[in-house]
Amino acid sequence: MPSSPTVQELLKRNAQSAKNHEPIPTLTEISQLPAEQQLPMPKWFIVSCCDNRIDPFEILGLEKWDAVVVRSCAGRIAPQMQNLLFLDNVLHFTDVMIMHHTDCSAELFKNDDLRDILKERAPEESATIEELRLPGFDE
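For reference, each letter of the sequence shown is one residue, going 1 to 139 in the working numbering.
This is the structure in structure tokens:
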């Protein structure tokens, strides 16, 4: 399995990408274009798992402007609600999809197990860890 890139490698890749980058118009600029020139705005808001084996664009055959795709552990919607509400104010979504998958690693954890692991790593934060609102892997 290949190793993860270093920060330096990522910065080098970014510098290479920046050489050919052409910025897309801002949402304000797009909204001021005549109707026939406006870019299509995404009407789908899709929440998917963080698992990199799952690519909603590939699985659903999406194009860049078809959807806003966000990720959260186990595809939970709660951590993404602020994003949904904010972006819906601008984009006026017509549909929301929550995309779960088989063999999700989140099935391996219960909230109490996660708290125990965190307490082992930072015992001095036990009280804070006990109060954490976790995403509900027990459900």
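All C-beta atoms, glycine included, are put in the ideal place defined by N, C-alpha and C. The structure presented is a predicted model; accordingly, all values stated were derived computationally and were not measured.
Cβ neighbour criterion (16 or more within 10 Å) applied to residue i
i, result
"Leu80", "According to the sequence shown, residue 80 is Gln rather than Leu. Buried, because 16 or more other Cβ atoms sit within 10 Å of the Cβ of Gln80."
"Ala35", "exposed"
"Pro56", "buried"
"Ala122", "exposed"
"Ala15", "exposed"
Same chain, Cβ closer than 8 angstroms to residue i, neighbours up to 5 away in sequence not counted
i, result
"Ala127", "none"
"Leu87", "Phe45, Val68, Phe93"
"Asp95", "Lys43, Trp44, Phe45"
Endpoints, beta strand (DSSP E) assigned at residue i
i, result
"Asp86", "First, the amino acid is wrong: residue 86 is Phe here, not Asp. Here Phe86 belongs to no beta strand (DSSP E); instead the alpha helix (DSSP H) covers 81 to 91."
"Asp95", "95 to 99"
Own chain residues within Cβ distance below 6 angstroms of residue i, not counting five before or after
i, result
"Ile129", "Arg115, Leu118, Lys119"
"Leu84", "Phe45"
Segment limits, alpha helix (DSSP H) that includes residue i
i, result
"Ile30", "27 to 31"
"Leu118", "111 to 121"
"Ala74", "Unbroken run through Ala74: none, as it is neither H nor E."
"Glu125", "Premise fails: Glu125 is in no alpha helix (DSSP H) and is neither H nor E."
Own chain, CB closer than 7 angstroms to residue i, minus 5 neighbours either side, in chain order
i, result
"Ile98", "Val47, Gly75, Ile77"
> Okay, do the stretch 107 to 122 and the stretch 54 to 72 touch, 3+ Cβ pairs below 8 angstroms being the bar?
Replying inline: Contact between the stretch 107 to 122 and the stretch 54 to 72 is absent, because fewer than three Cβ pairs lie under 8 angstroms.
> Hey, is the stretch 43 to 51 in contact with the stretch 68 to 85, meaning 3+ C-beta pairs nearer than 8 angstroms?
Replying inline: At 8 angstroms Cβ cutoff, the stretches touch.
> Hey, which unbroken runs of the alpha helix (DSSP H) at 4 residues or more fall wholly within the stretch 1 to 68?
Replying inline: The qualifying runs are 7 to 19, 27 to 31, 56 to 60.
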